[in-house]
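Here is the structure we will look at, set down as structure tokens.
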Amino acid sequence: EPEVTQTPSHQVTQMGQEVILRCVPISNHLYFYWYRQILGQKVEFLVSFYNNEISEKSEIFDDQFSVERPDGSNFTLKIRSTKLEDSAMYFCASSGMRGEKLFFGSGTQLSVL
Amino acid sequence: LAKTTQPISMDSYEGQEVNITCSHNNIATNDYITWYQQFPSQGPRFIIQGYKTKVTNEVASLFIPADRKSSTLSLPRVSLSDTAVYYCLVARSGNTPLVFGKGTRLSVIA
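Line by line, the protein sequences give chains S and R. Remember, the working numbering sits 42 above the position in the first sequence when you count from 1. Remember, the working numbering sits 1282 above the position in the second sequence when you count from 1.
In structure tokens, the structure reads:
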């Protein structure tokens, strides 16, 4: 089965630093998403991305967050100035068509110290 | 989107059939029901999706009554490896995002 690949699997950073989380969605997929999951809590939607622009975003996705598809294969989530509360598992997902099932990556565990 | 309610946790012995029921009283005509599975430290994985009646695949069955106000995920003959969190989601065709609730934590014991 095709996979969504995320790197790194773990990222440790100091508060206030910028981090970039990387994802390689499934090659023929057109819709891309970021979700996050704080330890012990539910999976939360952050942003969806289609046709090189944000389709929807949640309240969590404030000005500190940005997404980019810099080339034909990567999809990145940037957090400009990390806060302690940004510590979470970040999942990238992709789907072929709008409303189709999502394929999730294995996640990047972000720890902000 | 319709809010979903499902049990917080369930226990089962290996080899038993497990049924997890989800209620979604405010489901709309255009909504469909989707179930995902999540193992610790992994992303959610799609299990099954349906609109009405019964859907079956190699992993599970999904039963949806005529009023569509609830649905039941059926896992036949569970094994230890089926221990996971199972999420019931109601999604509108063509609409994103998927909104996850707290899910049902299934523990399978030998």
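Backbone N, C-alpha and C define an ideal beta-carbon position, used for all residues, glycine too. Please read these numbers as outputs of a predicted model, since none were measured by experiment.
Review point. Taking Cβ-Cβ distances shorter than 8 Å, what residues in chain R pair up with VAL85 (chain S)?
Key: Here the question's residue 85 (chain S) lines up with position 43 in the first sequence. The answer, in chain order, is GLN1320, PRO1326, TYR1369 and PHE1382.
Practice item. At 8 Å on the CB atoms, spell out the chain S contacts of ALA1373 (chain R), in chain order. Key: Looking up residue 1373 (chain R) in the second sequence gives position 91. Under the 8 Å cutoff, chain S gives GLY141.
Check your understanding: Residue range of the beta strand (DSSP E) that HIS52 (chain S) falls in?
Key -> Translated into the one-based positions of the first sequence, residue 52 (chain S) becomes position 10. Counting along the chain, the beta strand (DSSP E) containing HIS52 (chain S) begins and ends at 52-55.
Check your understanding: Counting pairs of Cβ atoms below 8 Å between the region 1318-1333 of chain R and the region 1364-1374 of chain R, do you hit three or more?
Key -> Between the region 1318-1333 of chain R and the region 1364-1374 of chain R there are three or more inter-stretch CB-CB distances shorter than 8 Å, so the stretches are counted as touching.
Exercise for review: Please state whether DSSP places VAL127 (chain S) in a helix, a strand or coil.
Suggested key: Counting from 1 along the first sequence, the entry for residue 127 (chain S) is found at position 85. In the sequence on display, residue 127 (chain S) carries Glu and not Val. GLU127 (chain S) falls in the helix class under three-state DSSP.
Exercise for review: Output yes if chain S places a C-beta closer than 9 Å to the C-beta of GLN1331 (chain R); else output no.
Suggested key: Taking the second sequence and counting its residues from 1, one reaches residue 1331 (chain R) at position 49. Taking Cβ atoms only, chain S reaches closer than 9 Å to GLN1331 (chain R), which makes this a yes.
Exercise for review: Report buried or exposed for MET131 (chain S), applying the criterion of at least 16 other Cβ atoms within 10 angstroms of its Cβ.
Suggested key: The residue labelled residue 131 (chain S) in the question sits at position 89 within the first sequence. Label assigned to MET131 (chain S): buried.
Check your understanding: Are LEU1355 (chain R) and ALA1373 (chain R) close, meaning C-beta to C-beta below 9 Å?
Key -> Position 73 of the second sequence, counting from 1, holds the residue named residue 1355 (chain R). Position 91 of the second sequence, counting from 1, holds the residue named residue 1373 (chain R). With respect to the 9 Å criterion, LEU1355 (chain R) and ALA1373 (chain R) are not classified as neighbours on the basis of their beta carbons.
Practice item. Give me the Cα-Cα distance between SER1291 (chain R) and PHE91 (chain S), rounded to the nearest whole angstrom. Key: Within the second sequence, residue 1291 (chain R) is the residue found at index 9, counting from 1. Within the first sequence, residue 91 (chain S) is the residue found at index 49, counting from 1. Whole-angstrom Cα-Cα distance: 33 Å.
Exercise for review: Consider the Cβ of LEU119 (chain S): report whether some Cβ of chain R lies at a distance smaller than 9 Å.
Suggested key: As a position in the first sequence, residue 119 (chain S) is number 77, starting the count at 1. So, not an interface residue.
Check your understanding: Does the Cβ-Cβ distance between SER1361 (chain R) and GLU1299 (chain R) come in under 9 Å?
Key -> On the second sequence, position 79 is the one that residue 1361 (chain R) refers to. On the second sequence, position 17 is the one that residue 1299 (chain R) refers to. Using a Cβ distance threshold of 9 Å, SER1361 (chain R) and GLU1299 (chain R) do not count as a contacting pair.
Review point. Does the Cβ of ARG1350 (chain R) have 16 or more other Cβ atoms within 10 Å, making it buried, or fewer, making it exposed?
Key: Counting from one through the second sequence, the residue named residue 1350 (chain R) turns up at place 68. Buried.
Check your understanding: The beta strand (DSSP E) with ILE1329 (chain R) in it runs from where to where?
Key -> Numbered from its first residue, the second sequence carries residue 1329 (chain R) at position 47. 1327-1332 is the extent of the beta strand (DSSP E) around ILE1329 (chain R).
Exercise for review: Check LEU1362 (chain R) in the structure and name its three-state DSSP category.
Suggested key: Here residue 1362 (chain R) is taken as the residue at index 80 of the second sequence, counted from 1. If DSSP states are grouped into helix, strand and coil, LEU1362 (chain R) belongs with the helices.
Review point. Since SER129 (chain S) and SER153 (chain S) are thought to touch, with beta carbons under 8 Å apart, how far apart are those beta carbons, to the nearest angstrom?
Key: Taking the first sequence and counting its residues from 1, one reaches residue 129 (chain S) at position 87. Taking the first sequence and counting its residues from 1, one reaches residue 153 (chain S) at position 111. Rounded, the Cβ-Cβ distance is 5 Å, consistent with contact.
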